[in-house]
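Reviewing the structure listed below.
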Amino acid sequence: MITIPRSEAENKRIREAQRENILDAAKTVFARKGWAMTITDIAAAANVSPGLIYHYFPNKEAIVCELLKQTLQTDADLSQRIMQAGDTPTQRLEALINSMLQPRHRQASPLEIAAQAARGAAATGNNLEMMRRIFSNLKEDSTDAADLRELLMKRFQTVRDTMMALITEGQKRGEIVRDAPEKLALMIFQCIQGLSTLALENPEEYDKHYPYTDVIMRMVKP
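Residue 1 is where the sequence shown starts when you use the UniProt record's numbering, and the numbers rise one by one after that.
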């Protein structure tokens, strides 16, 4: 019997499918075990050998970087989507907050992975502390870490800028209280971070009281 060799396009498709299989498995394992996750854990979840994983990723840190990068890249058009989400600033602010407070335990997100990576950090839940813990687990001179750092900073800056613009516009229209926009944005972010940690560590309790956006919005309305 003559065996027809696979085309390069078919080989590429198979490699990409296997890579995504590994990442999907890692996402599930990381959500459960955090940095205690091992390549062996990922291999078992993906139903492949540990050796195969090393053909795609040099270590687990590179895998975590890729999970974060993929999630962050899907938020590239966040600002544009939010600005089209409602007729008033408060409607758009509500849409922004709601987009960050989905039932988070069902899929990895930047804040989930950050919370998991920052386990054992100070109880403040501060963004900077969470980012410090993440990068303390990564090799600072790696390309993955540098790319991830840039993406994270861009993502948080985009969210912050969008939120500040909506708060300022809402104050001009009398829809939002007259406190300093920076203070209100900080308060909202702290609420979201705390709820994100709850969703990760106790998803049943999180879902029991979901949604939360209406409560946060009542805190900023006159």
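Yeah, the Cβ is synthetic: ideal placement off N, Cα and C, and Gly gets one too.
Three-state secondary structure (DSSP) of residue 81
Your numbering for residue 81 matches position 81 in the sequence shown. Looking at residue 81 - three-state DSSP - the assignment turns out to be helix.
Looking at the structure shown, is residue 176 part of a helix, part of a strand, or coil, going by DSSP?
Residue mapping note: residue 176 aligns to position 176 of the sequence shown, counting from 1. In the structure shown, residue 176 sits in coil (DSSP, three-state: anything other than H, G, I, E or B).
Quick one: measure Cβ to Cβ for residue 54 and residue 22, integer angstroms, because I've assumed they're closer than 8 Å.
By one-based count along the sequence shown, residue 54 stands at place 54. By one-based count along the sequence shown, residue 22 stands at place 22. Not confirmed; about 10 Å, so no contact.
Hey, how far is the Cα of residue 303 from the Cα of residue 169?
Within the shown structure, residues of the chain are numbered from 1 to 222, placing residue 303 beyond reach of any answer.
Measuring straight from C-alpha to C-alpha, what distance separates residue 29 and residue 48?
Mapped onto the sequence shown, residue 29 falls at position 29. Mapped onto the sequence shown, residue 48 falls at position 48. Near 14 Å, if we compare the C-alpha coordinates of residue 48 and residue 29.
Mind checking residue 16: buried by the 16 CB within 10 Å criterion, or exposed?
Within the sequence shown, numbered from 1, the residue matching residue 16 stands at position 16. Per the 10 Å Cβ criterion, exposed.
Going by C-alpha distance, which of 40, 188, 62, 51 is nearest residue 93?
By 1-based counting over the sequence shown, the position of residue 93 is 93. Checking every option, the nearest Cα to that of residue 93 belongs to 188.
Sequence-distant residues of the same chain with beta carbon closer than 6 Å to residue 63, five excluded per side
Counting from 1 along the sequence shown, the entry for residue 63 is found at position 63. Once the five neighbours on either side are set aside, the close Cβ partners of residue 63 are 26, 57.
Could you tell me whether any non-hydrogen atom of the ligand ZN is closer than 7 Å to the CB of residue 56?
Although the ligand ZN was asked about, the structure shown includes no ligands whatsoever.
Is residue 56 helix, strand or coil by DSSP?
Residue numbering aside, residue 56 sits at position 56 when the sequence shown is read from its first letter. The answer is coil: DSSP assigns residue 56 none of H, G, I, E or B.
Identify, in the order they occur along the chain, each residue of the same chain with its Cβ nearer than 8 Å to the Cβ of residue 211, setting aside the five sequence neighbours on each side.
Counting from one through the sequence shown, the residue named residue 211 turns up at place 211. Same-chain partners within the cutoff: 98, 101.
Give me the Cα-Cα distance between residue 44 and residue 190, rounded to the nearest whole angstrom.
In the sequence shown, residue 44 corresponds to position 44, counting from 1. In the sequence shown, residue 190 corresponds to position 190, counting from 1. Near 36 Å, if we compare the C-alpha coordinates of residue 190 and residue 44.
Going by C-alpha distance, which of 194, 201, 179 is nearest residue 221?
Along the sequence shown, one-based indexing puts residue 221 at 221. If we check each option's Cα against that of residue 221, 179 comes out closest.
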